[in-house]
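K.L.:
Let me begin by handing over the structure; questions about it come next.
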Amino acid sequence: MKKIVTIIALVSLFTGCQKGQQNQPEPTPKRVTITPVIAKATELSFEKGDRVGLTILKEDKIKHADNALMTYADGAFTGEVIWYEQTNTSSLLTAYYPYSPSGMPATFSVGRDQTKEWNSSDLMGATKAEIEPTNDAVSMTFKHLLSKIVVNIKKSDAEISSVVIKNSIPTATIDWTKLTATVDQKAAVADITAQAVTPNSLYRAIVVPQTVSLVLVVNTTQGKSYTTELSYAKLLGGGQYTINTEIAGEQLVASMGGEMKSWSNKGAMASENSSEPEYDLRILTFEDSDYKGASNSSYWSSLIDKPQFGGQLLYKSSDYKWFDDNNTFLASENGGVYWSGGHAVSNYVELDLKKGNHESQLAVFYKDQTSGYGGNKGSKNFCVHYGYVPKADTGILPSFYFKDGKPRVVDHMYVMITTYLANCLINGNSFTQAAGPNDFVKIVATGYDALGNKMTDKSLEFTLTTSVVGQVMKNWKRWNLSSLGKVSRIEFKVTGSNDNGHGFSQPAYFAYDDVAVRFET
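Its first residue numbered 0, the sequence shown is counted upward by one per residue in numbering that gives the first Met the number 0.
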């Protein structure tokens with residue numbers, strides 16, 4: 000009996016120990032928590048339910064979290080991320096807004112209709128280095144990466160239906176290490192409809208940082224539309240810019256405030272690069288009324304050949320050239336007949352694709368509904384490039400250059416497709432097949448430095464084709480050339496994927512207009 004009692008006691012003691020061990024509380028994992036210290040563009044703080052993506056990169060370059068979803072509530076972002084066990088190992092935290100399931104975007108586009116897409120257009124980022132696992136919330140400062148436009152409309156009798164901001168490029172490439180957004184120069188400009196803060200009075204929109212001449216359009220419920228083009232402004236990430244405007248009679252009068260303001264009194268804002276010189280823009284329009292040289296008042300129109308193919312100017316003479324004297328000082332010289340390549344002034348318009356052949360080689364596939372002309376913004380004249388380099392050929396490409404010998408920055412120009420190229424892309428001809436879903440046609444621009452050396456490391460491309468088979472460009476598009484820097488010459492070539500065995504087989508044409516040149520002040 001004594002042995003039995005002893006055994007029972009030992010069993011009870013062992014069982015009690017086991018229960019004691021089971022009831023010991025386990026250590027609670029440390030959950031990652033973030034408190035933001037900068038306001039979002041919509042309100043004075045983040046709103047309940049707002050979501051950010053979080054990446055945690057440990058000092059050994061191993062990702063502990065990759066695009067982890069964090070949701071805002073009660074002043075902080077929380078999620079399912081638990082800190083790692085190595086308490087002495089630091090890490091780099093990167094967070095961004097708005098959250099995307101596919102991760103931090105390498106490129107980002109603002110919404111076109113910001114009456115609905117304002118929130119999702121407000122791209123922000125935050126980083127925090129040398130953070131070790133902690134029970135405390137990590138404070139992170141979120142920075143606005145894009146630019147904010149505020150439109151103030153003075154009291155008017157008109158009921159405003161919409162405010163549209165035109166001429167800006169809506170897409171940017173993102174550097175998450177530096178928290179910067181850089182305009183994607185290959186993207187096309189787009190219209191952005193602003194959000195009404197106070198109807199008929201105050202509107203706002205988010206745009207990509209860039210140097211741009213914005214076009215403001217105010218539409219009314221009475222069916223009237225008022226348009227004005229603003230002077231060039233350099234929009235920086237995190238900056239707020241105000242456009243003050245009023246409808247005066249039948250005109251829209253507007254000005255953009257030069258002062259740049261932070262979106263938030265806590266937000267960091269990129270500073271102006273004081274080393275960049277101020278400049279004015281001069282525009283080569285190819286319009287007779289804008290010509291400032293000593294030649295006759297119809298200088299540009301006198302350079303338009305007739306007929307388009309085989310005419311006296313482009314084919315009977317090898318001395319076709321033009322010079323924008325006393326303005327941009329840009330000049331072009333074909334150096335031979337046009338079938339060898341060159342730049343020809345034109346005003347031809349042709350919308351019938353059946354006529355899209357070499358006999359209409361100088362015609363654009365565009366017609367302004369108001370003026371009836373084919374140039375950019377309804378202007379009459381423009382210029383048509385023809386030229387490419389065949390296989391195993393290092394021939395000379397068409398170009399324009401500064402005739403006064405002074406290198407300058409060509410800020411931008413506008414580009415449009417010709418009818419000849421449009422027809423061949425859609426229907427093909429005896430020399431080329433129609434463009435397929437993976438085919439492309441693009442322009443390549445290459446600069447030359449002050450000494451006349453070709454800057455092969457500085458080339459820009461502009462795609463003339465669309466992503467939809469059977470469709471082509473419908474409007475003139477802005478091409479930013481400023482990243483070429485100061486150049487003495489820019490040469491152009493048209494190239495692409497269609498090849499008939501002898502090289503590029505599509506017609507190597509494009510039209511250009513309104514070439515803007517920077518003149519330092």
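No residue lacks a Cβ here, since even glycine has one placed at the ideal position from N, Cα and C.
(1) Counting pairs of Cβ atoms below 8 Å between the stretch 480-492 and the stretch 398-417, do you hit three or more?
(2) Distance, Cα to Cα, S270 vs H357?
(3) Should the stretch 481-498 be called in touch with the stretch 366-382, which here means at least 3 C-beta pairs below 8 Å?
(4) Apply the 10 Å Cβ neighbour rule to S138 and answer buried if 16 or more other Cβ atoms are within range, or exposed otherwise.
(5) Between which two residues does the alpha helix (DSSP H) carrying N422 extend?
(6) Based on the DSSP output, what are the partners of E52 in its beta bridges?
(7) Please classify N497: is it buried, with 16 or more other beta-carbons within 10 angstroms of its beta-carbon, or exposed?
(8) Might you give, ordered along the chain, the residues of its own chain that have their beta carbon closer than 7 Å to the beta carbon of A72, omitting 5 neighbours on each side?
(9) Comparing alpha-carbon positions, which option in F439, T445, P104 lies nearest S504?
(10) Which two residues bound the contiguous alpha helix (DSSP H) that contains N479?
(11) Quick one: measure Cβ to Cβ for V344 and L396, integer angstroms, because I've assumed they're closer than 8 Å.
(12) Following the continuous beta strand (DSSP E) through Y508, name the residue where it begins and the one where it ends.
(13) Between A434 and N426, is the Cβ-Cβ spacing less than 7 Å?
(14) Report the partner residues of H411 according to the DSSP bridge assignment.
(15) Just to confirm, are I148 and A204 a CB contact at a threshold of 7 Å?
(16) For D304, count the other beta carbons within 10 Å of its own beta carbon; 16 or more makes it buried, fewer makes it exposed. Which is it?
(17) I'd like the list of long-range same chain contacts for A128, defined as Cβ closer than 6 Å, with 5 residues on each side in sequence excluded.
(18) By a C-beta neighbour count over all protein chains shown, 10 Å radius and 16 as the cutoff for buried, is I61 buried or exposed?
(19) For M123, list the residues DSSP reports as bridge partners.
(20) Provide the residue(s) that pair with D112 in DSSP beta bridges, ordered along the chain.
(21) Can you list, in chain order, the residues of its chain with a C-beta nearer than 7 Å to that of Y314? Leave out the 5 residues immediately preceding and following it.
(22) Tell me which residue opens and which closes the beta strand (DSSP E) that Q239 is part of.
(23) Quick check on the DSSP output: the beta strand (DSSP E) that includes Y400 runs from which residue to which?
(24) List the residues that DSSP assigns as beta-bridge partners of S458.
(25) Within 10 angstroms of the Cβ of D59, are there 16 or more other Cβ atoms? Answer buried if so, exposed if not.
(26) Would you mind reading off the limits of the alpha helix (DSSP H) that contains Y312?
(27) Would you call the CB atoms of T126 and T93 closer than 7 Å?
(28) Kindly identify the DSSP beta-bridge partner or partners of T494.
(29) Between P306 and W175, what straight-line distance do the alpha-carbon atoms span, to the nearest angstrom?
(30) Comparing C-alpha positions only, which one of N87, G237, G469 sits nearest to G124?
(31) Give a yes or no on whether the C-beta atoms belonging to T219 and A157 are separated by under 7 Å.
(32) Between the C-alpha atoms of W299 and S316, what's the straight-line distance to the nearest angstrom?
(33) Which two residues bound the contiguous beta strand (DSSP E) that contains G78?
(34) How many angstroms separate the CA atom of T462 from the CA atom of Y413?
(35) Kindly identify the DSSP beta-bridge partner or partners of E33.
(36) Which whole-angstrom value describes the C-beta separation of D112 and T192, a residue pair presumed to lie in contact below a C-beta threshold of 8 Å?
P.N.:
Straight from the coordinates:
(1) yes
(2) In the sequence shown, residue 270 corresponds to position 271, counting from 1. In the sequence shown, residue 357 corresponds to position 358, counting from 1. With a pLDDT of 27 at S270, under the threshold of 50, the modelled position of this residue cannot be trusted, and the question is left open.
(3) no
(4) Here the question's residue 138 lines up with position 139 in the sequence shown. When all chains shown are included, S138 counts as exposed.
(5) In the sequence shown, counting from the first residue as 1, residue 422 sits at position 423. Looking at the DSSP string, the run of the alpha helix (DSSP H) that includes N422 is 418-426.
(6) Reading the sequence shown from its first residue, position 53 is the one you call residue 52. Inspection of the sequence shows that residue 52 is occupied by Gly rather than by Glu. DSSP lists L68, Y95 as partners of G52.
(7) One-based indexing of the sequence shown puts residue 497 at position 498. N497 should be labelled buried.
(8) Residue mapping note: residue 72 aligns to position 73 of the sequence shown, counting from 1. Contacts found: K47.
(9) Here residue 504 refers to the residue found at position 505 of the sequence shown. Ranking F439, T445, P104 by Cα distance to S504 puts F439 first.
(10) Position 480 of the sequence shown, counted from the start, is the residue given in the question as residue 479. Note, N479: premise wrong, no alpha helix (DSSP H); beta strand (DSSP E) at 476-479.
(11) In the sequence shown, residue 344 corresponds to position 345, counting from 1. In the sequence shown, residue 396 corresponds to position 397, counting from 1. That pair is no contact at about 19 Å.
(12) For the purposes of this step, residue 508 is taken as the residue at position 509 of the sequence shown. Element bounds for Y508: 508-519.
(13) Working through the sequence shown from its first residue, we reach residue 434 at position 435. Working through the sequence shown from its first residue, we reach residue 426 at position 427. Going by C-beta atoms, A434 is not nearer than 7 Å to N426.
(14) Counted from its first residue, the sequence shown places residue 411 at position 412. Answer by DSSP bridge pairing, in chain order: N479, A515.
(15) Your numbering for residue 148 matches position 149 in the sequence shown. Your numbering for residue 204 matches position 205 in the sequence shown. Going by C-beta atoms, I148 is nearer than 7 Å to A204.
(16) The residue given as residue 304 occupies position 305 in the sequence shown. Buried is the call here.
(17) Position 129 of the sequence shown holds residue 128. Around A128: L91.
(18) Residue 61 sits at position 62 when you count from the first residue of the sequence shown. Counting Cβ neighbours within 10 Å, I61 comes out exposed, since fewer than 16 surround it.
(19) Counting from one through the sequence shown, the residue named residue 123 turns up at place 124. Paired residues: Y96, H143.
(20) Taking the sequence shown and counting its residues from 1, the one referred to as residue 112 is at position 113. Looking at the DSSP assignment, D112 forms a beta bridge with T192.
(21) If you number the sequence shown from 1, residue 314 lands on position 315. Closer than 7 Å at the Cβ level, and outside the excluded window around Y314, lie V336, Y337.
(22) Taking the first residue of the sequence shown as position 1, residue 239 is located at position 240. From DSSP, the beta strand (DSSP E) with Q239 extends over 238-247.
(23) Your numbering for residue 400 matches position 401 in the sequence shown. Looking at the DSSP string, the run of the beta strand (DSSP E) that includes Y400 is 398-401.
(24) By 1-based counting over the sequence shown, the position of residue 458 is 459. For S458, which the question treats as bridged, DSSP gives the partners T445.
(25) Along the sequence shown, read from residue 1 onward, the residue named residue 59 stands at position 60. D59 comes out exposed.
(26) As a position in the sequence shown, residue 312 is number 313, starting the count at 1. First, the residue type needs correcting, since residue 312 is Leu and not Tyr in the sequence shown. Counting along the chain, the alpha helix (DSSP H) containing L312 begins and ends at 311-314.
(27) Position 127 of the sequence shown, counted from the start, is the residue given in the question as residue 126. Position 94 of the sequence shown, counted from the start, is the residue given in the question as residue 93. Against a cut-off of 7 Å, the Cβ pair of T93 and T126 comes out as a contact.
(28) Residue 494 sits at position 495 when you count from the first residue of the sequence shown. Per DSSP, K441.
(29) Taking the first residue of the sequence shown as position 1, residue 306 is located at position 307. Taking the first residue of the sequence shown as position 1, residue 175 is located at position 176. For P306 and W175, the distance between alpha carbons rounds to 55 Å.
(30) Working through the sequence shown from its first residue, we reach residue 124 at position 125. Selected option, being the one with the closest Cα: G237.
(31) For the purposes of this step, residue 219 is taken as the residue at position 220 of the sequence shown. For the purposes of this step, residue 157 is taken as the residue at position 158 of the sequence shown. Yes, the Cβ-Cβ distance between T219 and A157 is below 7 Å.
(32) Locating residue 299 in the sequence shown gives position 300, counting from the first residue. Locating residue 316 in the sequence shown gives position 317, counting from the first residue. Each residue's alpha carbon lies about 17 Å from the other.
(33) Taking the sequence shown and counting its residues from 1, one reaches residue 78 at position 79. Counting along the chain, the beta strand (DSSP E) containing G78 begins and ends at 75-81.
(34) Here residue 462 refers to the residue found at position 463 when the sequence shown is read from its first residue. Here residue 413 refers to the residue found at position 414 when the sequence shown is read from its first residue. Going from the Cα of T462 to the Cα of Y413 covers about 13 Å.
(35) Walking along the sequence shown from the start, residue 33 turns up at place 34. Note that residue 33 is Ile in the sequence shown, not Glu. Paired residue(s): F76, V137.
(36) Residue mapping note: residue 112 aligns to position 113 of the sequence shown, counting from 1. Residue mapping note: residue 192 aligns to position 193 of the sequence shown, counting from 1. 5 Å between Cβ atoms; contact.
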